[in-house]
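**Student:** Before anything else, here's the structure in question.
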Amino acid sequence: MTKDKIPTDQLITTIIGGIEEVKGKEITILDLREIENTVCDYFIICEGSSNTQVNAIVGSVQKQVSKALKDKPWHIEGTENAEWVLMDYVNVVVHVFQKRIREYYNIEELWGDAKTTRIETSY
-14 MTKDKIPTDQ
-4 LITTIIGGIE
6 EVKGKEITIL
16 DLREIENTVC
26 DYFIICEGSS
36 NTQVNAIVGS
46 VQKQVSKALK
56 DKPWHIEGTE
66 NAEWVLMDYV
76 NVVVHVFQKR
86 IREYYNIEEL
96 WGDAKTTRIE
106 TSY
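In this note's numbering, the protein residues as written are -14 to 108.
Take a look at the structure:
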C-alpha cells in the first residue's frame, strides 16, 4: 500500500497542525530517510499531559488529515490506555506519548542517527 499521492511534506504539516490545535507539547520530527532498514521515512513525536489530551491529539490529527488530505491512518494502536498512541500513515508514523512514557522509551535517543527537527510552539 503506497501513499505517494499525498506529498509527505503536506502530510507532515497537516499532522503538526492537528497536534498544535489541541496544544500537544514537545513536537519533534525525526527524518529516518538516511538510515537503512527503517519502517518509514519520518517519525513525528509529541506528548500530551493526560490520557484525555493524548486522545484529543490523536482525534485532532485524524480530523485534520481527513479533512485536508482525504486520508486516514493505515493503523492506530494504544488508544485504550492512551499512554502511547501510534498512528501509522505508512511513510509517516506519529507517536503521541504521555511525558513519563516518552521519557522511559526515549525514542529520540534510540533513533539518534536521525536528523531531528524540533517544532517551536507559541503556547
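Note that beta-carbon positions come from the ideal geometry of N, C-alpha and C, so glycine has one too.
(1) Quick check: the Cα distance between residue 32 and residue 84, rounded to an integer number of angstroms?
(2) Quick check: what's the CA-CA separation for residue 7 versus residue 108?
(3) Between the C-alpha atoms of residue 30 and residue 66, what's the straight-line distance to the nearest angstrom?
(4) Run through DSSP, which three-state label would residue 57 get?
(5) Once you ignore the five residues that flank residue 60 on each side, which residues in its own chain have a CB closer than 7 Å to its CB?
(6) Tell me the residue span of the beta strand (DSSP E) that contains residue 26.
**Tutor:** According to the structure shown:
(1) Your numbering for residue 32 matches position 47 in the sequence shown. Your numbering for residue 84 matches position 99 in the sequence shown. The alpha-carbon atoms of residue 32 and residue 84 are separated by roughly 6 Å.
(2) The residue labelled residue 7 in the question sits at position 22 within the sequence shown. The residue labelled residue 108 in the question sits at position 123 within the sequence shown. Those two C-alpha atoms are separated by around 10 Å.
(3) To locate residue 30, count along the sequence shown from 1; it is residue 45. To locate residue 66, count along the sequence shown from 1; it is residue 81. Distance between the alpha carbons of residue 30 and residue 66 is about 18 Å.
(4) As a first step, residue 57 must be located in the sequence shown, where it is residue number 72. Residue 57: coil per DSSP, three-state reduction.
(5) Residue 60 sits at position 75 when you count from the first residue of the sequence shown. Same-chain partners within the cutoff: 73.
(6) Numbered from 1 along the sequence shown, position 41 holds the residue referred to as residue 26. Looking at the DSSP string, residue 26 is not in any beta strand (DSSP E), and its letter there is neither H nor E.
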